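Just below is one structure, and these are the notes that go with it.
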């Protein structure tokens, strides 16, 4: 496994794509200047933001890959820092009902994926979050965190604890921050409200509307 830690870069996912050669590689940085979120969203970066990307083989059911990574990130912070992170469909990390991070996955080649993770570890008092539908939060108050080390430890934890596809959706549902809550899911051609019942074994969201139970495969979610 190759680990490259950069003082600064525009995007760790772009750096990984440029350096990937069908093997395990981790790119971490002290400062990411043009991080991306889902769709056209951008990722706000603070002095205490942890930004890193890594290559990984897709889950047995490929659509479960980002959900598997989310479960394992939650497990890592619970075991190592006793922080109870939860999950928001499809790819957000939630702490105390606020967004603390996110996961973005792109295909590299064949069965290899480019996994980008951003986590708000801390920020200075002079730094402020933007005004988002889901309010943001940091995981720690201290800024004295070794980003290179923690990115390395998270990546190794994920590689050492891969989950069977048959258990991913069950584990994810247990960590969901909005199970049985009223939600809205929206995208370019979708705006659906209902009660979130959980995810199916392919990662799709199961929603109870006034008329029926429906499955939704992509979109952004807010919960109330």
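In my numbering, the protein residues as written are 327 to 550. All C-beta atoms in this analysis are idealised placements derived from N, C-alpha and C, irrespective of residue type, glycine included. Since the model is a prediction, treat every value here as computed from it, not as a measurement.
Helix, strand or coil: how does DSSP classify residue i here?
i           : result
residue 341 : helix
residue 512 : strand
residue 463 : coil
residue 350 : coil
residue 537 : coil
residue 526 : coil
residue 507 : coil
residue 436 : coil
residue 371 : coil
In or out: residue i buried (at least 16 other Cβ within 10 Å) or exposed?
i           : result
residue 336 : exposed
residue 406 : exposed
residue 481 : buried
residue 503 : buried
residue 436 : exposed
residue 319 : The requested residue 319 is not part of the displayed model; the chain covers only 327 to 550.
residue 516 : exposed
residue 449 : buried
residue 352 : buried
residue 433 : exposed
residue 392 : buried
So which of the options has the shortest CA-CA distance to residue i?
i           : options            : result
residue 402 : 515, 414, 419, 536 : 419
residue 523 : 531, 474, 352      : 531
residue 355 : 398, 529, 443      : 443
residue 331 : 388, 538, 410, 472 : 472
residue 422 : 413, 389, 499      : 413
residue 446 : 438, 433, 429      : 429
residue 485 : 380, 333, 375      : 380
residue 426 : 416, 398, 466, 388 : 466
residue 528 : 518, 344, 499, 360 : 499
residue 347 : 540, 382, 411      : 382
Do residue j and residue i come within 7 Å of each other at the CB atom, strictly closer than that value?
i           : j           : result
residue 509 : residue 549 : yes
residue 378 : residue 477 : yes
residue 506 : residue 545 : no
residue 398 : residue 494 : no
residue 440 : residue 339 : yes
residue 358 : residue 371 : yes
Report yes or no: is there a C-beta of chain C within less than 7 Å of the C-beta of residue i?
i           : result
residue 327 : Judged by its chain identifiers, the structure shown contains no chain C, having just a single protein chain.
(message) Restricting to runs no shorter than 3 residues, where is the beta strand (DSSP E) found entirely within the region 380 to 422?
(response) Within the region 380 to 422, the complete beta strand (DSSP E) runs of at least 3 residues are 412 to 414, 418 to 421.
(message) In chain order, what are the residue ranges of uninterrupted alpha helix (DSSP H) at least 4 long that sit wholly in the region 467 to 504?
(response) 473 to 486, 491 to 501
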